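Structure first, then comments.
See the structure below:
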């Protein structure tokens, strides 16, 4: 009996343990669920809130209307814009008449290169293509588009590449293994990582199919696709250091060609000799490649730069191949002969501090010693100076060999692109109205060829580079894009006059020494002298300017320019008043002096100056030792909280809801303060600290949960149905049926941002915004982190696919146009990453140094229009440091420039920073950041647990911080009230939390197992008492 | 009365070892560059340490024979390890998501190894401790 009793006790003890553990699991698990509720709802397709609106007329509570009556129309429209984006954003780099293909040639396609079958259609990570199948607008790759457009292609080659598939699988390291891709990928973001060519060798091809070359006799239009991938958190290392050392393929740069790629192209050229066909190269890339050898190779008949075309872009590529569409794309980056030689590339990559402290994210420093001279502003300016014989421009420094000469350094200039026809652009007039801060140009574009087509008008300006500039450290590019426009389709022989009204804000130069209206230093200036306006691509425009200045090929010009195509404007005296205040009336002054490393370490950096190209050409600044003062700042605790008491009102009962302020765009309306008086301090602290993945509901003001989405290739974080309204009786014009054929559609389908830029078409960029706006209305996805406006400082940033261009103006206007289009439908379309996130290397911690002139005329100029002109209601900040401060903690960037000078009034999120110390929450809130990207339980204890200083006791008596918290929430509420997040809300709308099935399941588990625990324990003690008896 | 060792001793030892490994890995993890800033979660540490101590006491008391305290300790230990394991997962899940995506680098991956080990060890300790609670440490000799 004893043995049986003990066995019984063991069993009841074990069951007690089991049931208690399950209970504990469920109880603790409930906290996890609360912290990650949005993500769990996303995964399970559930909703944890319910919107209750009573006595409201549905026709009055839906502010924004879709242009479409069904999701079928919606997805067709998205596909249409994406197709046209590639039609206008694909750049014809060379063509000896081989393109367009004839109807007969459409049936004779040979696809060479594994990337023809597995092209890079989006980023490997970030702006990744969301494939859609079974919808009304399924995405297609190159082969799919060829089939759909009636092309016939060589099945022998297709089979051959299929049989070799295992040889060109690429691996991306992940914890505990690898993720494999059939496309080429970008190298990992680690020091020492490199690019590995995956193109099958000739012997591999011969081994797979002995007759592959013969098969091209019947399919003699040979299209060779060469690809380089784009990816967030990836990096190309310049030069041979960035190439797989185990390969011996004569590859000198990851963005240059390997011998396997050369051999493949040569095989096609050799085949052409016998089959009489054509060789066409497609460049499937976003970072500018080194392709001088392809440009020089007469065996290549035509070459197209197709970017990363997204889900429908290959339709556009096919339409260009067969001439259905005439290409009109222009390069958004300079294609240099050797990217590694650019001044910017001298300071790029893993340049660690000598006194790095990785545990504090004090890792590396980038000194952008090239100043304003990135991209064409370097190549064209140095070219101008070689022609003019100034500044030692023709020294060997930075050259591919011997004296620096443009023809040896640049393959294709910024703005370059061919057409199937020819155009003649005439700059008829330029009228400068300094008071209005505009320059109005009239340009007549005549189609002088035999095929209809569109042309891109690029208006450039060459500003004076004066003795004053040299004395005051002001740099001037020899040529700079001022504005641009795309013509309509012009018939052969016909003309169109394009009028461009350019904003002269983008012509002004930052002078850190100039006095200003604020009584300090730092101002935008226009120098006295002659301003030259011209058209063409960047190089043609400069040649025109040089011609107007009397220079010819005798002076070393690559070609004679057209002086007749130049208009000039004279400014008698230096102007430091016209741009002394921004569009909202804020006086400008130096705000970023601490971004100059010389501010902290005097005399350390020599910045590139066109006054002496040789003497100032950047050296590499590596192994720098941060001073104690710098290290102190980089420890990220730069605001000491006060305890002097705060009189900021929280928790008032004014009976207002956010919906009652819907559409009130005047933030000075007193109703805003009344509403915000209702919010509690705890709500402000929780929502700023835990703002990630969705902007959570705020009960005191009835602010709804609003979903956040990536990315630059479309709203792709969730399928259309995830948050769509499936209640057709609600009066929502965008409600869908539960069995909607496009319920699973995801909109990450657009070509990458370089394609959008290469269209040089603001209207098309705006159309992109509009279709995303419509998608937002149907999917109820409001916040879109979709406007990547960092610059292509160097081609080596593998994330360049998420940004437009090396040029600030092109980036600014394409981004602003997309924001305008999207915001018309209530989308909070956000520019990112403000600012200077121009590298993925050590992005959490990298200290980015530059002059204020570079900052303001570079990335800030690329972002300014999104806020000043397009009035973006959202923005995302950056991982990197601005100087030595984290971007979010920098004392002036966000507060004085973005919120102050530009007048930004919307919500502002940090990037995906998970390190609570690097979030620098208190400093960020003071700077106007409205939310970090972290998540957690909706409780003050949870947020205080995550940020140890973020307690009510610490914050409530800090007058500055409490005011900033309330102001941040006001901006956030303002953005939401003026967005489609409020569609369906009236002033009496209540947002209620609802229990999902998993909440009920967890509670049931807790209750049932708690009872079972007690029962088991009772049984245990009963069995013990039997033993005792 | 003579007692002989039961399977429970080995199973409980395994649970205790797994829990110690979990604690050690967690401490290592909190010292890595990537995870150092998150600090040591006191709740997690307390719960895991309670779990370890309870399992050890279970062994010690169990060798001496059965008792009501010896029967309660396995319950306490398993519950503490369960709560500790789940809270550890909660504390790290956002970081794991970041390291596997936006912050994927060789260094961060290396730092994450100890995190994965800690979570795995704690989960294993939790499961084994539940199983162990069905067994005695010793049983009476025949």
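Residue numbers (this note's numbering), protein chains in the order written: chain A, 133 to 1161; chain B, 211 to 352.
Here a beta-carbon is modelled for each residue, glycine too, at the ideal position from N, C-alpha and C.
All values derive from a computational prediction rather than experimental measurement.
message: I want to see whether chain B comes within less than 8 Å of residue 966(A), judged by CB atoms only; does it?
response: Chain B, which has no Cβ nearer than 8 Å to the Cβ of residue 966(A), makes this no.
- prompt: Could you give the distance in angstroms between the alpha-carbon of residue 1161(A) and the alpha-carbon of residue 302(B)?
  reply: Its pLDDT being 47, under 50, residue 1161(A) is placed unreliably in this model, and the value from its coordinates should be taken loosely. Residue 1161(A) and residue 302(B): Cα-Cα distance of roughly 50 Å.
message: Tell me the rounded alpha-carbon separation between residue 260(A) and residue 840(A).
response: Between the alpha carbons of residue 260(A) and residue 840(A) lies a gap of roughly 17 Å.
field: With 16 other Cβ atoms within 10 Å as the buried cut-off, status of residue 582(A)
entry: By the 10 Å Cβ count, residue 582(A) comes out exposed.
query: Cα-Cα, which of 409(A), 1111(A), 472(A) and 715(A) is closest to residue 532(A)?
result: For residue 532(A), the nearest C-alpha among the options comes from 472(A).
message: Please classify residue 279(B) as buried or exposed, where buried requires at least 16 other C-beta atoms within 10 Å of its C-beta.
response: Label assigned to residue 279(B): exposed.
message: Check whether the segment 751–763 of chain A and the segment 1067–1081 of chain A are in contact - that is, three or more C-beta pairs closer than 8 Å.
response: The segment 751–763 of chain A makes no contact with the segment 1067–1081 of chain A, as fewer than three CB pairs between them are under 8 Å.
- request: Measure from the C-beta of residue 255(B) to each C-beta in chain A and report whether the shortest distance is under 8 Å.
  value: So no, residue 255(B) is outside the interface.
message: I'd like to confirm the pairing. Which residues does DSSP put opposite residue 592(A) in its beta bridges?
response: 613(A) and 666(A).
Delimiting residues of the beta strand (DSSP E) encompassing residue 655(A): 653–657 is the extent of the beta strand (DSSP E) around residue 655(A).
message: Is there a C-beta anywhere in chain A that falls below 8 Å from the one on residue 343(B)?
response: For residue 343(B), at least one C-beta of chain A is nearer than 8 Å to its own C-beta.
Residues that residue 353(B) contacts on chain A, provided the C-beta gap is smaller than 9 Å: Since the first residue of chain B shown is 211 and the last is 352, residue 353(B) is not available in this structure.
query: Relative to chain B, which residues along the segment 160–178 of chain A have a C-beta separation below 8 Å, given in chain order?
result: Those residues of the segment 160–178 of chain A placed with their C-beta closer than 8 Å to a C-beta in chain B are 160, 161, 163, 164, 167 and 168, ordered along the chain.
task: Name the two residues that bound the continuous alpha helix (DSSP H) containing residue 881(A).
output: Unbroken run through residue 881(A): none, as it is neither H nor E.
query: Using Cβ-Cβ distances below 9 Å, what residues of the segment 267–282 of chain B are close to chain A?
result: Of all residues in the segment 267–282 of chain B, 276, 278, 281 and 282 have a Cβ within less than 9 Å of some Cβ in chain A.
message: Within 10 Å of its beta-carbon, does residue 201(A) have 16 or more other beta-carbons around it, so buried, or fewer, so exposed?
response: With fewer than 16 Cβ atoms within 10 Å of its Cβ, residue 201(A) is classed as exposed.
field: Touching by the beta-carbon criterion (3+ pairs, under 8 Å), the segment 801–811 of chain A and the segment 841–851 of chain A
entry: Counting C-beta pairs with one atom in each stretch, the segment 801–811 of chain A and the segment 841–851 of chain A have fewer than three that are closer than 8 Å, which means they do not touch.
- prompt: List, in order along the chain, the chain B residues whose C-beta lies closer than 9 Å to that of residue 1131(A)?
  reply: Within 9 Å Cβ-Cβ: nothing; residue 1131(A) doesn't reach chain B, min ~17 Å.
field: Beta-carbon proximity of residue 608(A) to residue 644(A), cut-off 8 Å
entry: No.
field: Residue span of the beta strand (DSSP E) that contains residue 555(A), given as start and end
entry: Residues 555–565.
- prompt: Would you call the CB atoms of residue 901(A) and residue 953(A) closer than 8 Å?
  reply: In terms of Cβ geometry, residue 901(A) and residue 953(A) form a close pair [threshold 8 Å].
- prompt: Who are the Cβ neighbours of residue 1165(A) in its own chain at under 7 Å, not counting the five residues just before and after it?
  reply: Nothing can be reported for residue 1165(A): it is not among the residues displayed for chain A, which extend from 133 to 1161.
query: Just how far apart, CA to CA, sit residue 1129(A) and residue 354(A)?
result: Distance between the alpha carbons of residue 1129(A) and residue 354(A): 57 Å.
message: Does the contact criterion of 3 or more C-beta pairs under 8 Å hold for the segment 763–782 of chain A versus the segment 488–496 of chain A?
response: Cβ pair count under 8 Å is three or more, so yes.
Contacting residues, own chain, Cβ-Cβ under 7 Å from residue 600(A) (five flanking each side not counted): In its chain, beyond the 5 residues on either side, 659 and 706 have a beta carbon closer than 7 Å to the beta carbon of residue 600(A).
- request: Find the residues of chain B that neighbour residue 1042(A), judging by a C-beta separation of less than 9 Å, and give them in chain order.
  value: Near residue 1042(A) there are no residues of chain B at all, since even the closest Cβ is about 12 Å away, more than 9 Å.
query: Of all Cβ atoms in chain A, is any one closer than 8 Å to the Cβ of residue 225(B)?
result: No, residue 225(B) lies away from the interface with chain A (no Cβ there is under 8 Å from its Cβ).
task: Determine the closest residue to residue 238(A) out of 455(A), 300(A) and 379(A), with distance taken between C-alpha atoms.
output: Of the listed residues, the one whose Cα sits closest to residue 238(A) is 455(A).
Below-8 Å beta-carbon distance, residue 340(B) vs any chain A residue: Yes, residue 340(B) counts as interfacial toward chain A.
message: I need the straight-line Cα distance from residue 716(A) to residue 1001(A), nearest angstrom please.
response: Answer to the nearest angstrom: the Cα atoms are 11 Å apart.
query: Ordered along the chain, which non-local residues of its own chain (more than five positions away) have a Cβ less than 6 Å from that of residue 257(B)?
result: Cβ within range, chain order: 290, 293 and 294.
- prompt: In the segment 378–424 of chain A, which residue ranges form an unbroken alpha helix (DSSP H) of at least 4 residues, counting only runs that do not cross its ends?
  reply: The qualifying runs are 391–407.
- prompt: Under 7 Å Cβ-Cβ, which residues of chain A neighbour residue 292(B)?
  reply: Here the neighbours are 153, 156 and 157.
Residue 963(A) in three-state terms, based on DSSP: Strand, per DSSP.
query: Can you find a C-beta in chain A that's less than 8 Å from the C-beta of residue 314(B)?
result: Taking 8 Å as the threshold, the shortest C-beta distance from residue 314(B) to chain A falls below it.
field: residue 720(A), enclosing alpha helix (DSSP H) - first and last residue
entry: No alpha helix (DSSP H) holds residue 720(A); DSSP gives it neither H nor E.
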